[in-house]
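Just so you know, the sequences run in chain order B and E. The numbering of the first sequence is this note's numbering, which starts it at 592 and goes up by one. The numbering of the second sequence is this note's numbering, which starts it at 592 and goes up by one.
2 protein chains.
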Amino acid sequence: MNVTKALNIMKEQGFKYTAKREELLQLFSDEKRYLTAKEVLNSLQKNYPGMSVDTVYRNLAIFEEMDILEMTELEGEMHFRFSCSTTAHHHHLICLECGKTREIETCPMDWLNENVDGGFEVTGHKFEIYGMCAECKRTKQKEAAHV
Amino acid sequence: MNVTKALNIMKEQGFKYTAKREELLQLFSDEKRYLTAKEVLNSLQKNYPGMSVDTVYRNLAIFEEMDILEMTELEGEMHFRFSCSTTAHHHHLICLECGKTREIETCPMDWLNENVDGGFEVTGHKFEIYGMCAECKRTKQKEAAHV
DNA sequence: AAAACAATTAGGAATCGTTACGATTTATTG
DNA sequence: CAATAAATCGTAACGATTCCTAATTGTTTT
Ligand SMILES: [Mn+2]
Ligand SMILES: [Mn+2]
Ligand SMILES: [Zn+2]
Ligand SMILES: [Zn+2]
Chain B
592 MNVTKALNIM KEQGFKYTAK REELLQLFSD EKRYLTAKEV LNSLQKNYPG MSVDTVYRNL
652 AIFEEMDILE MTELEGEMHF RFSCSTTAHH HHLICLECGK TREIETCPMD WLNENVDGGF
712 EVTGHKFEIY GMCAECKRTK QKEAAHV
Chain E
592 MNVTKALNIM KEQGFKYTAK REELLQLFSD EKRYLTAKEV LNSLQKNYPG MSVDTVYRNL
652 AIFEEMDILE MTELEGEMHF RFSCSTTAHH HHLICLECGK TREIETCPMD WLNENVDGGF
712 EVTGHKFEIY GMCAECKRTK QKEAAHV
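Here you go:
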């Protein structure tokens, strides 16, 4: 996913172009990681001081609807990121410090689809691995060093 | 996990016995499924009309701390259930209608622990399968039948 | 370019789940 | 029973998200 592609999809779906929408998309293009609504708001308010929370949430929602963004809930908050370029279904390692992700090519559902029946209708699943990325670990260690 | 065992653990850890705590535990013993704090509150308020939200959340928290309850976040809400009797690490199919679960004996981490390194420190993971249990599916179909 | 129309927005209030608080009550111990 | 610490109530505060309405803006049509 990238900004121009996203803007095209947006147009096709009948949504209007606004500078704020472009900049929101640009933010996700720059920061290749999960962002909270608050982080998005703070970032956009640098250029648009009056920007409203409603606008952020509404646009995050429509972009998610169009599969331009993907959302996950971490620690009680919605987190958004550009949808992965990989077309195939996959999962993520997520750094809980900075929101950066790494892809896991395999999906656990492949191994147990057979066993999961008995009248239970599967509608979705969530598989995420949490931790701290190498970069954040270095940062933490430095902080701890000069206490 | 069961009520008397839970009450013992509670005592050992220096927590006081209260009738409310016993009834909260009894609720989880009866309802073998995920419950929200609200459901717990509503249920206990039948016998204790003045029961406060604070009391519910505090007790859910300490019981989780003692591994008497386990918690997961579903659709933006904390959900609690009695910890599984199975000692081994495992995962769940969860009915999003009623909170009932079925166990999945395998853990996807076993298959990819080898590949997950590269400086990323894993601290946790979440694997849950969502859907509708056979019972809830029947209920829904009946409802749909006489519209 | 102006008018018409629908989509978008700001700003703030409302809602929801959860946590925090001080004053009062209760369980436990001796 | 008295002393002590823990538990509770009632309510307020909180942060994230949603909802509302009047004003503004982007787009399409004349
Ligand atoms: Mn990905
Ligand atoms: Mn289980
Ligand atoms: Zn990181
Ligand atoms: Zn069910």
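All C-beta atoms, glycine included, are put in the ideal place defined by N, C-alpha and C.
- A distance below 7 Å between beta-carbons, with the five flanking residues on each side excluded, links residue 721 (chain E) to the following residues of its chain, in chain order: 685, 687.
- When the beta-carbon positions are compared, residue 616 (chain B) and residue 594 (chain B) come within less than 8 Å of each other.
- With contacts defined as CB atoms closer than 8 Å, residue 642 (chain E) and residue 611 (chain E) qualify as a contacting pair.
- Nearest to residue 657 (chain E) by alpha-carbon distance, out of E:703, E:596, E:717, E:723, is E:596.
- Contact with chain E is found for residue 720 (chain B), since one of that chain's Cβ atoms lies less than 8 Å from the residue's Cβ.
- When DSSP states are grouped into helix, strand and coil, residue 719 (chain B) belongs to the strand group.
- At least one heavy atom of ligand 4 is found less than 7 Å from the C-beta of residue 691 (chain E).
- At a cut-off of 8 Å, the C-beta of residue 646 (chain E) has no neighbouring C-beta in chain B.
- Non-local beta-carbon contacts of residue 634 (chain B) in its own chain, meaning distances under 7 Å to residues more than five positions away in sequence, involve 618 in chain order.
- Residue 663 (chain B): member of the beta strand (DSSP E) spanning 660-665, first to last residue.
- Annotation: Cβ neighbours of residue 723 (chain B) in chain E (cutoff 8 Å, chain order): 711, 712, 714.
- Distances between the C-beta of residue 622 (chain B) and the heavy atoms of ligand 3 are all 7 Å or more.
- Residues of the region 642-672 of chain E with a C-beta atom less than 7 Å from some C-beta of chain B are 664, 667, listed in chain order.
- A check of alpha carbon separations from residue 652 (chain B) across B:624, B:735, B:672, B:602 identifies B:672 as the nearest.
- For residue 623 (chain E), the closest Cβ of chain B is not nearer than 8 Å.
- If you check the C-beta of residue 726 (chain E) against ligand 4, you find a heavy atom less than 7 Å away.
- Of all residues in the region 684-703 of chain B, only 684, 686, 687, 693, 695, 697, 699, 700, 702, 703 place a beta-carbon less than 8 Å from a beta-carbon of chain E.
- Residue 731 (chain B) carries a helical assignment under DSSP once its states are collapsed to helix, strand and coil.
- For residue 624 (chain B), there is no enclosing alpha helix (DSSP H), as DSSP marks it with neither H nor E.
- Assignment of residue 687 (chain B) by DSSP, reduced to helix, strand and coil, places it in the coil class.
- Straight through space, the alpha carbons of residue 666 (chain B) and residue 669 (chain E) are spaced by roughly 10 Å.
- By the CB criterion at 8 Å, residue 683 (chain B) and residue 692 (chain B) fall inside the cutoff.
- Per the coordinates, the alpha-carbon of residue 654 (chain B) lies some 13 Å from the alpha-carbon of residue 620 (chain B).
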